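Visitor:
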Amino acid sequence: MATLDTVGDYVAEARALLQDTYTPPRYTDADLISNLNIALSEAYRVRADLFMIGVAFTLPSFTAADLTKPVPMEPGYRPAFTSYMVGRAQLRDQEDTTDPRAGALMQGFKAQLLVSTS
Amino acid sequence: MASSVDLMDRITATAKVRLPGLTNAALNLELFNTLQEFFNDSNAWRYNIDVPLTFGTLEYPIFPPNGSSLVQIMDAEYKGRPLSQTPTSDSGGSVSLVGLITGDVNPATADTLFTPDVTGSPGNVFTYSIFFPKYITLDIPPSEEAATVPITLSMSLRMSPDTVALDPNEWPLEEWMVDAFHEAWMDGLQGRLMSQINKPYFNIQMSVYHMKRFRKFISRAKQTAERGYVYNATNWRYPRGGFI
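Chains as they are written, first to last, in the working numbering: chain A, 1 to 118; chain B, 1001 to 1244.
1. Can you list, in chain order, the residues of its chain whose CB lies under 8 Å from that of N1040(B), leaving out five sequence neighbours each side?
2. Flag this pair as touching only if the region 1063-1070 of chain B and the region 1168-1175 of chain B have three or more C-beta atom pairs under 8 Å; answer yes or no.
3. Kindly indicate if chain A contains any beta-carbon less than 8 Å away from that of P1172(B).
4. Going by DSSP, what residue range makes up the beta strand (DSSP E) through N1048(B)?
5. Given that L114(A) touches chain B, what residues does it touch there, using C-beta distances under 8 Å?
6. Let me confirm a value: R1227(B) is counted as buried when at least 16 other C-beta atoms fall within 10 Å, else exposed. Which label applies?
7. Going along chain A in order, which residues have a C-beta closer than 9 Å to the C-beta of N1043(B)?
8. Among N1028(B), M1074(B) and L1029(B), which one has its Cα closest to the Cα of L1153(B)?
9. List the DSSP bridge partners of D1075(B).
10. Run through the DSSP bridge pairs and tell me what S1068(B) is partnered with.
11. With a floor of 3 residues, list each beta strand (DSSP E) that falls wholly inside the region 60-97 of chain A, ordered by position along the chain.
12. Helix, strand or coil for G1092(B)? Go by DSSP, reduced to three states.
13. Mind checking whether R78(A) and L4(A) have CB atoms under 8 Å apart?
14. So for S41(A), helix, strand or coil by DSSP?
15. Determine the DSSP secondary structure at L1019(B), reduced to helix, strand or coil.
16. Do we get a CB-CB distance below 8 Å when we pair M52(A) with the residues of chain B?
17. What are the residues of the region 33-47 of chain A that lie near chain B, defined by any Cβ-Cβ distance shorter than 9 Å?
18. Just reading off the beta strand (DSSP E) that Y1209(B) is part of, what are its end residues?
19. Distance check for A1184(B) and R1213(B), CA to CA, integer angstroms please.
20. Between V55(A) and A1165(B), is the Cβ-Cβ spacing less than 8 Å?
21. In or out: I1204(B) buried (at least 16 other Cβ within 10 Å) or exposed?
22. Below 8 Å between beta carbons: does that hold for T28(A) and K69(A)?
23. Quick check: what's the CA-CA separation for Y1231(B) versus A1044(B)?
24. In this structure, how does DSSP classify S1143(B) when only helix, strand and coil are distinguished?
25. CB-CB under 7 Å to F1131(B), same chain, minus the five flanking residues each way: which ones, in chain order?
26. What residues of chain B sit near V71(A), judged by a beta carbon separation below 7 Å?
27. Would you call the region 1174-1189 of chain B and the region 1025-1036 of chain B touching, i.e. three or more CB-CB distances under 8 Å?
28. List the whole-angstrom C-beta distance separating A1147(B) from F1063(B), where the pair is believed to meet the contact cut-off of C-beta under 8 Å.
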């Protein structure tokens, strides 16, 4: 079961959803981690409290060398970030069928941050 | 099975249950803000300190207990008697007596003996002012004899601003406060959090409901503290100055 503690956990979960578990992968670690960074920035815009420690705010950012680093995030919000990573990865695919799916995943990300019933 | 429960665990757990999606950081911050509003407006946190006097010194710093800060001075006593306030500027506090009659009062000359510009505080050695909630200022330097007895200040307190970054269980609260004000704080917390647009727990109707209850609890706490936490006790006393 994915625990979504480290950067590597997020990348592995995103790969599972993208069915990109074979070598060589379609999406590099750097690509997926970039998507994670963008997801964190987007979350910071709408939910700054997710990045608050005491009364200070810290927006984390990662590189491909940070696979073992923990992602500081409340457990209840972690799955939302994999949705965004997968949705953003699928935006670059050209097949007509992936565009609605990508949009739905990225909308789902925002809904999970903002709405209690999503 | 034995379990250890810290003082603020109940309120933080209740908040997490009632407000889906609430983060710990937001919870701590808004709980702190709620408590500050509660203590500021209710004066429910009372504390007495003795301020030792020094011969010839007019100003004395006020030191609230660790982790707290002063909202206002509720009362000052010296030798068991209330101490009057006095202004040392036009915008100062109140005085107990304005004007002074000197000499033997004779109906024919009484008016000429009255000096309206002189202020006094009969019955007290001196009067005091609080210009900033950091120190107390006397109007007359204490004599050596007067300096042997401290002034007793009754203060209302709130948490010191620097405690905001601490875990709620490390805030300088006492058990009786958490017991007595749990519902009030919970309503204030829910009211504040539910008013935050775009949060999963945003609900303006419920926010209004909880804030009304919170303000009601503050009024009740203010009255209760005024009566010394004794049911139906009087909350008045004879005016200061002994002029009745």
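Don't be surprised by glycine CBs; every beta carbon is placed ideally from N, CA and C.
Remember, predicted model here, so these are calculated numbers, not experimental data.
Guide: Quick look at the numbers:
1. V1071 and R1158
2. yes
3. Chain A, which has no Cβ nearer than 8 Å to the Cβ of P1172(B), makes this no.
4. R1046 to V1051
5. When 8 Å is used as the limit between beta carbons, L114(A) is near these residues of chain B: N1198, K1199 and P1200, in chain order.
6. exposed
7. Within chain A, no C-beta atom comes nearer than 9 Å to that of N1043(B); the closest sits roughly 26 Å away.
8. Measuring from the Cα of L1153(B), the nearest candidate turns out to be M1074(B).
9. S1154(B)
10. M1159(B)
11. Entirely contained in the region 60-97 of chain A, not one beta strand (DSSP E) run reaches 3 residues.
12. At G1092(B), the pLDDT of 42 sits below 50, so the modelled position is not reliable; the number obtained from the coordinates is stated separately. Assignment of G1092(B) by DSSP, reduced to helix, strand and coil, places it in the coil class.
13. yes
14. helix
15. L1019(B): coil per DSSP, three-state reduction.
16. By this cut-off, M52(A) is an interface position.
17. V46 and R47
18. It is not in any beta strand (DSSP E) - Y1209(B) instead sits in the alpha helix (DSSP H) that spans I1204 to E1226.
19. 7 Å
20. yes
21. exposed
22. no
23. Approximately 15 Å, taken between the alpha carbons.
24. Correct three-state label for S1143(B): coil.
25. The beta carbon of F1131(B) is closer than 7 Å to those of T1137 in its chain, skipping five residues each way along the sequence.
26. Those do not exist, as V71(A) stays about 15 Å from chain B at its closest Cβ, beyond 7 Å.
27. These segments touch.
28. At roughly 18 Å, the Cβ-Cβ gap does not stay under 8 Å, so A1147(B) and F1063(B) are not in contact.
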